[in-house]
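Novice: Order-wise, the sequence lines are chains C and E.
In terms of our numbering, the first sequence opens at residue 9 and continues consecutively.
In terms of our numbering, the second sequence opens at residue 2 and continues consecutively.
Beta carbons: idealized from backbone N, C-alpha and C, even for Gly.
Following this message is one structure expressed as structure tokens.
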Amino acid sequence: MISTFIRHELKAFWRSKNTGKSIAVRIVMIFLILYLFGCILLAGIGMDKILEIAFPNDDLVKSFCGIVLIYFLFDLFMRLQLQELPTLRVQPYLHLPIKRNTLVGYLAITAVFSMFNLWPFLLFLPFIFKIIAPDSGIIVALAFVVAIIGISVFNNYLALYLKRKSNLNGWIFLITAAVLILIVIADFWWHFYSLHNISYAFFGRLLTMPILAIIPALLGIVMYYFNFLYLKQNLYLETLTARKVKIYKSNTDIPFLSRFGTIGDLAANEIKLVFRNKRSRSSLIIGLFFMFYGLIFYTNKSLGQGWYLFAGMYMTGAFVVNYGQFMFGWQASHFDGILVSKINFSDFVKAKYLLFTTVSAISFVLTIPYVYFGWHVLLVHFVMCVWNIGVTTTIVLFFANRNFKRIDLSKSGTMNWEGVGASQLLLTLPLILTPYIIYTPFAVFKHPDIGLALLAVTGFIAILTRNYWIKQLEADYYSKRYRIAEGFRNK
Amino acid sequence: MIEIKNLKKIYGNVTVVDIPHLSIAKGESVGLVGNNGAGKTTLFRMILDLILPESGEITSNGEIVAGHEHWKAYTASYLDEGFLIEYLTPEEYLYFIGGLHQQSRAQVDETLTALGDFFNGEILNRGKYIRDLSKGNQCKVGVASCLLQNPQLLMLDEPFANIDPSTQFRLKNMLKDANKSKGVTTIVSSHDLNHITDVCDRILLMEKGVIIKDIATSSSTLSELEDYFGVGQTVGATPVVKIDEEENH
Chain C
9 MISTFIRHEL KAFWRSKNTG KSIAVRIVMI FLILYLFGCI LLAGIGMDKI
59 LEIAFPNDDL VKSFCGIVLI YFLFDLFMRL QLQELPTLRV QPYLHLPIKR
109 NTLVGYLAIT AVFSMFNLWP FLLFLPFIFK IIAPDSGIIV ALAFVVAIIG
159 ISVFNNYLAL YLKRKSNLNG WIFLITAAVL ILIVIADFWW HFYSLHNISY
209 AFFGRLLTMP ILAIIPALLG IVMYYFNFLY LKQNLYLETL TARKVKIYKS
259 NTDIPFLSRF GTIGDLAANE IKLVFRNKRS RSSLIIGLFF MFYGLIFYTN
309 KSLGQGWYLF AGMYMTGAFV VNYGQFMFGW QASHFDGILV SKINFSDFVK
359 AKYLLFTTVS AISFVLTIPY VYFGWHVLLV HFVMCVWNIG VTTTIVLFFA
409 NRNFKRIDLS KSGTMNWEGV GASQLLLTLP LILTPYIIYT PFAVFKHPDI
459 GLALLAVTGF IAILTRNYWI KQLEADYYSK RYRIAEGFRN K
Chain E
2 MIEIKNLKKI YGNVTVVDIP HLSIAKGESV GLVGNNGAGK TTLFRMILDL
52 ILPESGEITS NGEIVAGHEH WKAYTASYLD EGFLIEYLTP EEYLYFIGGL
102 HQQSRAQVDE TLTALGDFFN GEILNRGKYI RDLSKGNQCK VGVASCLLQN
152 PQLLMLDEPF ANIDPSTQFR LKNMLKDANK SKGVTTIVSS HDLNHITDVC
202 DRILLMEKGV IIKDIATSSS TLSELEDYFG VGQTVGATPV VKIDEEENH
């Protein structure tokens, strides 16, 4: 039975739209995953050097023992945020004559195959075999490995259990997060205790008494069994699915937009789209994270104004790029409805412009504190904001006419490759390069400010001639809309 | 109202719709029946300019549908949930549709109050997004949005499929009322032969993309259709229970 499940699972993976049809996407995907693991492995191999720099006064093994528990706290937090529940997949088997124990066992076991369970090994194994094994012998090293396996498994099932619980009651998640944050604050700010010492108290003792590794191993087994029992008692769709508790959804008005008539209504709908769906919400949150780009670029004195352009563009335009690259795929599920209703395309596009303009302007306002790094930084932000509103949005919409991939709004955004195609991979290049085409020649001849001024002028011209561009986009759209609509109908 | 000439739609090398000529006059109520894969939805989609036919043309009020948008002002349609914006509440969606037709919220509210029975208290002010409604209730929202638009042409694809019996009867009355007293041209498809012959004055029977029967509804239409669909069975006759010798040894 288990082998049938596994075969179905493999089919589900390879046949899912998420896996990405085109080879280019697959290659990039594999490359990114390998890169991520490579980075972690590198950190693992260089762990002794890192620890030496971080704790120059401490013994290497002592500081290592001190951080393990702290890592696992962080690990638990990450899992709560990102680890997916391996759940809905059992739905088609529930009504069939298959033993509950088989199903639950399968569910519980497959939960181990998560990327998160690889991380601690990539991170800690190199150090254990490089430093601990030669120092204290192979038995101690193995004890460390067993302990790390034990805590990983414990974390894995604890996170899944808490996630399942918080699907039923949203407060559970908040309380857990609050407790985790309190644990950290109580150490690093209030100094009630030291996690570092607690971690050392256990792992340090492991050096002399390897048998203690049995404690985390037992913890892992107990947690697994606990999870198994919980699943068995709650093998019902409501507990399994990642559906949130129903709260009353109220109607919302966005008064600022209502003055724009139909265009405003369309933009308001799109804002609701962004806030009411998981995937689009995460692209907005990523946009907010880009707001910290400046801290990387402006604190580094060796980076010149050329880099400021990049930072300014991303800070004021992250949402335009991140959200816009999947347009109109966001609306795929009701694109037929848009086509048959009394909306003409120029209104449809003007609504997108309105949305992008509003968000870019807000982003610019949010970046004003960067004036701390000099007024010139703010000027660059303003110029790039104008550029984004004028030029970037038009490029994004040009590519939107070439996007035939639908997006399932309900799925989350992390490691979700649905809707990613060649046009998304192509899109970022012109977006990043075009401002430099104008700017670089002047920068090379020591007149960067003229380049900057020219960028601003181009941006303003693009904004003033917007109606012309809308006409071009419209003509383009009419020749492609059947393909777009057909692509969106393909689930 | 609708004029179809030499319409052909081909997927791969299968012709899914092939209609040499079809004309639907203003004020007609047309019912479209046919088994799965007969081409009903494809025909609907072509009339709504959602897919492009391989050849032929469709005109609505004398204007070619493809590439024009005037028909959108007087055509209301609901084919499937893909016509609804799933992350809005029903109220937000209906206000939005009303807004597209220059209706104020008060006007929309007025129409919705009249639909109170049809909604049966399951649509408005329930605090749910459209995506959280059942298929039947989504269909109600779709139908309501159609009526809200005060259309001259109303197109519904299998509206009776997911709704409860009471709503089916209410919907039938609403369709009859729209057609008879407001002169709305209606094109409705359905697998329920009773309902469709009750609501529509003209029945088009499709098979493999071709309209094989075009009948004005009369008292004999229902049995005529039942004959067609009851492949090889005598309708009304009591089925003979055959005893399987092999099983009863």
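Applying a beta-carbon distance threshold of less than 9 Å, which residues of chain E neighbour C:S258?
Specialist: Taking the first sequence and counting its residues from 1, the one referred to as residue 258 of chain C is at position 250. Result: T90, G128.
Novice: Between which two residues does the beta strand (DSSP E) harbouring C:I397 extend?
Specialist: Numbered from its first residue, the first sequence carries residue 397 of chain C at position 389. Taken as a continuous stretch (DSSP letters only), C:I397 belongs to no beta strand (DSSP E), as it is neither H nor E.
Novice: My understanding is that E:Y75 touches E:Y130, with C-beta atoms under 8 Å, so please give their C-beta distance in whole angstroms.
Specialist: Sequence index remark: in the second sequence, residue 75 of chain E carries index 74 (1-based). Sequence index remark: in the second sequence, residue 130 of chain E carries index 129 (1-based). Not confirmed; about 29 Å, so no contact.
Novice: Is E:I65 close to chain C? Criterion is C-beta to C-beta, closer than 7 Å.
Specialist: For this step, residue 65 of chain E is matched to residue 64 along the second sequence. No, its Cβ sits nowhere closer than 7 Å to a Cβ of chain C.
Novice: Taking C-beta pairs closer than 7 Å, name the residues in chain C that E:L49 reaches, listed in chain order.
Specialist: Reading the second sequence from its first residue, position 48 is the one you call residue 49 of chain E. Near E:L49 (Cβ distances below 7 Å), the residues of chain C are V348.
Novice: Helix, strand or coil: how does DSSP classify E:Y79 here?
Specialist: For the purposes of this step, residue 79 of chain E is taken as the residue at position 78 of the second sequence. Residue state, collapsed to three classes: strand.
Novice: Is the CB-CB distance between C:L131 and C:G74 below 7 Å?
Specialist: Stepping through the first sequence from its first residue, residue 131 of chain C is reached at position 123. Stepping through the first sequence from its first residue, residue 74 of chain C is reached at position 66. No, the Cβ-Cβ distance between C:L131 and C:G74 is not below 7 Å.
Novice: Are the Cβ atoms of E:N163 and E:C140 separated by less than 7 Å?
Specialist: Translated into the one-based positions of the second sequence, residue 163 of chain E becomes position 162. Translated into the one-based positions of the second sequence, residue 140 of chain E becomes position 139. Result yes, Cβ atoms of E:N163 and E:C140 sit closer than 7 Å.
Novice: Along the stretch 484–495 of chain C, what residues have a CB closer than 8 Å to any CB found in chain E?
Specialist: Per Cβ criterion, the list reads Y486, Y490, A493, E494.
Novice: For C:G345, which residues in chain E fall below 7 Å Cβ to Cβ?
Specialist: Within the first sequence, numbered from 1, the residue matching residue 345 of chain C stands at position 337. Result: G83, F84, L85, I86.
Novice: Mind listing the chain C neighbours of E:G68? Cutoff is C-beta to C-beta under 9 Å, in chain order.
Specialist: Your numbering for residue 68 of chain E matches position 67 in the second sequence. Chain C residues near E:G68: Y486.
Novice: Should C:C47 be labelled buried (16 or more other beta-carbon atoms within 10 Å of its own) or exposed?
Specialist: Sequence index remark: in the first sequence, residue 47 of chain C carries index 39 (1-based). Its Cβ having fewer than 16 others within 10 Å, C:C47 is exposed.
Novice: List in chain order: all unbroken alpha helix (DSSP H) runs of 4+ residues lying wholly within the stretch 97–176 of chain E.
Specialist: Whole alpha helix (DSSP H) segments, 4+ residues: 106–115, 117–120, 136–149.
Novice: C:N396: which of C:R287, C:I469, C:L481, C:W127 sits nearest, CA to CA?
Specialist: One-based indexing of the first sequence puts residue 396 of chain C at position 388. With distances taken between Cα atoms, C:N396 lies closest to C:I469.
Novice: Ordered along the chain, which non-local residues of its own chain (more than five positions away) have a Cβ less than 6 Å from that of C:F336?
Specialist: Residue 336 of chain C sits at position 328 when you count from the first residue of the first sequence. These residues qualify, in order along the chain: A408.
Novice: Is E:H196 helix, strand or coil by DSSP?
Specialist: For the purposes of this step, residue 196 of chain E is taken as residue 195 along the second sequence, with counting starting at 1. Helix at E:H196.
Novice: Check C:A461 in the structure and name its three-state DSSP category.
Specialist: Locating residue 461 of chain C in the first sequence gives position 453, counting from the first residue. DSSP places C:A461 in helix when its eight states are reduced to three.
Novice: If you measure between the beta carbons of C:A151 and C:A225, is that distance less than 7 Å?
Specialist: Residue mapping note: residue 151 of chain C aligns to position 143 of the first sequence, counting from 1. Residue mapping note: residue 225 of chain C aligns to position 217 of the first sequence, counting from 1. No. Outside cutoff.
Novice: Taking only three categories from DSSP, how would you classify E:A39?
Specialist: As a working note, residue 39 of chain E is residue 38 in the second sequence. Here E:A39 sits in coil by DSSP.
Novice: Please identify the residue among E:E208, E:G184, E:S24 whose C-alpha is closest to the C-alpha of E:L148.
Specialist: Working through the second sequence from its first residue, we reach residue 148 of chain E at position 147. Of E:E208, E:G184, E:S24, the residue nearest in Cα terms is E:G184.
Novice: Could you give the first and the last residue of the continuous alpha helix (DSSP H) run that contains C:G74?
Specialist: One-based indexing of the first sequence puts residue 74 of chain C at position 66. Start and end: 68–90.
Novice: Taking just the CA atoms, how far does C:G269 sit from C:A250?
Specialist: Residue mapping note: residue 250 of chain C aligns to position 242 of the first sequence, counting from 1. Residue mapping note: residue 269 of chain C aligns to position 261 of the first sequence, counting from 1. Annotation note: pLDDT 49 at C:A250 (below 50); position unreliable, no value reported.
Novice: Can you pull the chain C neighbours of E:I52, defined as C-beta to C-beta under 8 Å?
Specialist: Stepping through the second sequence from its first residue, residue 52 of chain E is reached at position 51. Neighbours of E:I52 on chain C, chain order: Y490, A493, E494.
Novice: Near C:L84, which residues of its chain fall below 8 Å by C-beta distance, leaving aside the five closest residues on each side in sequence?
Specialist: Mapped onto the first sequence, residue 84 of chain C falls at position 76. Excluding positions up to five away in sequence, the list reads N163, L166, A167, L188.
Novice: Considering Cα atoms alone, identify which of C:K413, C:A209, C:K286, C:A194 is closest to C:V76.
Specialist: To locate residue 76 of chain C, count along the first sequence from 1; it is residue 68. Checking every option, the nearest Cα to that of C:V76 belongs to C:A209.
Novice: Measuring alpha carbon to alpha carbon, tell me which residue in C:I136, C:W22, C:V98, C:A464 is nearest C:F390.
Specialist: Reading the first sequence from its first residue, position 382 is the one you call residue 390 of chain C. Of the candidates C:I136, C:W22, C:V98, C:A464, the one whose C-alpha sits nearest the C-alpha of C:F390 is C:A464.
Novice: Should E:W72 go down as buried or exposed, given a rule of 16 or more other Cβ atoms within 10 Å for buried?
Specialist: By one-based count along the second sequence, residue 72 of chain E stands at place 71. Answer is buried; the Cβ neighbour count reaches 16.
Novice: Tell me which residues of the stretch 265–290 of chain C have at least one Cβ-Cβ distance to chain E shorter than 7 Å, keeping chain order.
Specialist: Here the close residues are T270, D273, N277, K280, L281, R284, N285.
Novice: For the stretch 387–421 of chain C, which residues have a CB atom closer than 9 Å to at least one CB atom of chain A, in sequence order?
Specialist: Going by chain labels, chain A is absent from the structure shown, which instead holds the protein chains C and E.
Novice: Output needed for E:H22: all residues of its chain with C-beta closer than 8 Å, excluding positions within five of it in sequence on either side, in chain order.
Specialist: Here residue 22 of chain E refers to the residue found at position 21 of the second sequence. The answer, listed in chain order, is I5, K6, N7.
Novice: Mark E:K27 as exposed unless 16 or more other C-beta atoms lie within 10 angstroms of its C-beta, in which case mark it buried.
Specialist: The sequence position of residue 27 of chain E within the second sequence is 26, counting from 1. Looking at its Cβ environment, which holds fewer than 16 other Cβ atoms inside 10 Å, E:K27 is exposed.
Novice: Among C:V328, C:A461, C:W197, which has the Cα closest to the Cα of C:I370?
Specialist: Your numbering for residue 370 of chain C matches position 362 in the first sequence. Taking only the C-alpha atoms, the option nearest C:I370 is C:V328.
Novice: So the candidates are C:A340, C:G325, C:N352; which of them puts its Cα closest to the Cα of C:T401?
Specialist: In the first sequence, the residue the question calls residue 401 of chain C occupies position 393. Nearest C-alpha to C:T401: C:G325.
Novice: Determine the direct distance from the alpha carbon of C:Y447 to that of E:P91, and round the result to whole angstroms.
Specialist: To locate residue 91 of chain E, count along the second sequence from 1; it is residue 90. To locate residue 447 of chain C, count along the first sequence from 1; it is residue 439. Cα to Cα, the separation comes out at about 49 Å.
Novice: Report all residues from its chain with a CB closer than 6 Å to the CB of E:V17; omit the five preceding and five following residues, and keep chain order.
Specialist: One-based indexing of the second sequence puts residue 17 of chain E at position 16. Excluding positions up to five away in sequence, the list reads K10, G40, T43, G210.
Novice: Residues of chain E with CB closer than 7 Å to the CB of C:S341, please, in chain order.
Specialist: By one-based count along the first sequence, residue 341 of chain C stands at place 333. Result: G83, E87.
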